[in-house]
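Under the numbering used here, the first residue of the sequence shown carries the number 4, and numbering increases by one thereafter.
C-beta atoms are modelled at their ideal positions from N, C-alpha and C, and glycine is treated no differently.
Keep in mind that this is a model prediction, so the values were computed, not measured.
First the structure, in the form of structure tokens, and then the observations on it.
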Amino acid sequence: MAVIETLADLPWAEHLVPAELPLEPDGNHDGVHFDRVELDGSGGSRFMECAFTGATLGAGRYRRSRLTDVWLADVRVVGADLAETGWQDATFLRCVVAGVQAFGSTWRRVTFRGCKLDSINLREAHLTDVVFEDCLLRDPDLAGAKLTRVTFPGSRITGAVLDNATLVGCDLRGADLGVSSGFAALKGATIDGAQLLDLAPHLARHLGITVT
């Protein structure tokens, strides 16, 4: 999918209006620009054609919110509760996502570019047509998650938890791949020869193979 790099190039940029804070739970936010603001939660809300630039999503509850056609650049998402949220047609550019609870969430046609994701909880999440490009993912918890056509070009992954995860049509080539558990979930993924060599000792242990 084409990634829009600048705010002005968004097809709905000219219709954006400044955010009015604080946000109320279960609100509707259409065409809002959240520029350099600190948000502390807005559970059950709907965001459509919104832009977030230089904003901070702190340790508040956004649970069950729905975000469609949203664009985030240089945003910090730290300690936020994103459980059971729904994301569709979203772009994250140079964002930091750390200590986030996003279990049971749904991500469809989402691109992360140049982002750092640290200890994100994506247990039981569904990711479809998601791209992590040139990203750093530290200790992502994907236990029980379903990943469909997810790619990681140029990204580094360390300590990934894949227990009981399902990967369908996922292309892991081009990534520095580090898995801590759940190697069986790699069934159905595409990797390259270098990745296979790196994973071989772990796969041997998983299969009970003794290598001498």
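- Within the same chain, Cβ atoms closer than 6 Å to the Cβ of R152 are found at D132, G172, the five residues on either side in sequence being excluded.
- Residue pairing by DSSP places I123 in no beta bridge whatsoever.
- Straight-line spacing of the CA atoms in S122 and L140 works out to 8 Å.
- Between the alpha carbons of R176 and E136 lies a distance of about 12 Å.
- Annotated three-state conformation of F186 is helix, per DSSP.
- P21 counts as exposed, since fewer than 16 other beta carbons sit within 10 angstroms of its beta carbon.
- Residues T94, T114, R116 of the same chain have their beta carbon placed closer than 7 Å to that of V6, with the five preceding and five following residues left out of the count.
- Here the alpha carbon of V134 sits roughly 16 Å from the alpha carbon of S108.
- Taking Q104 as the centre and dropping the five residues before and after it, the same chain places the C-beta of D84, A86, N124 closer than 6 Å to its C-beta, in chain order.
- For D142, the CB contacts under 6 Å within the same chain, skipping 5 residues up- and downstream, are S122, G162 in chain order.
- The beta carbon of F106 sits closer than 6 Å to those of A86, N124, R126, E127, all from its chain and outside the five residues before and after it, given in chain order.
- With a 10 Å radius around the Cβ and a threshold of 16 neighbouring Cβ atoms, R66 comes out buried.
- Remark: C-beta atoms of W90 and W110 approach each other more closely than 7 Å.
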